[in-house]
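Asks:
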Amino acid sequence: MTTDETIADFPELPQIVADNASCKTRDPDLWFPVRRVRRELVVQYAATICAGCPVLDECREWAINAPDQYGIWGGLDRIELRRRRAARAGGAGIEDVAS
């Protein structure tokens, strides 16, 4: 996604995350990769930035509890977020939640 959208444009995001996230001034394309060619590298880079974020836990918790979100949230991509949701819901396999 090429956009000027930032995390501040997600009104449902907790204010502490929107105000303090390491990604708030970074290129949004890092967290919303669309090109398959370099997607893995982008995901790894975004996760590295997330790893040092002061609100990583809050962001990740929000992402796990929020409706299915596209992009990298709390250092996790959509597939990993689905795995975490499934584990909390009682262990549905990734095959059940990946589609």
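All residue numbers for the sequence shown refer to the numbering used here, where the first residue is 36 and numbers rise by one. Note that the Cβ used here is the ideal one computed from N, Cα and C, for glycine as well.
Given a cut-off of 9 Å on the beta-carbon distance, is the pair G110 and A86 in contact?
Replies: The answer is yes: Cβ separation under 9 Å.
Asks: By a C-beta neighbour count over all protein chains shown, 10 Å radius and 16 as the cutoff for buried, is A124 buried or exposed?
Replies: exposed
Asks: Can you tell me whether E47 is buried or exposed, with buried defined as 16 or more other CB within 10 angstroms of its CB?
Replies: exposed
Asks: Apart from the five residues just before and just after L91, which ones in its own chain have a Cβ nearer than 8 Å to its Cβ?
Replies: Closer than 8 Å at Cβ, skipping near neighbours: C85, G109, G110.
Asks: Measure the alpha-carbon distance for A146 versus E115 and round it to whole angstroms.
Replies: Past the edges of the chain, shown from 36 to 134, lies residue 146, and the structure says nothing about it.
Asks: By the three-class DSSP mapping on this structure, what secondary structure does L76 have?
Replies: helix
Asks: Select from L76, A56, Q50 the residue whose C-alpha is nearest the C-alpha of L65.
Replies: Relative to L65, the option among L76, A56, Q50 whose CA is nearest is L76.
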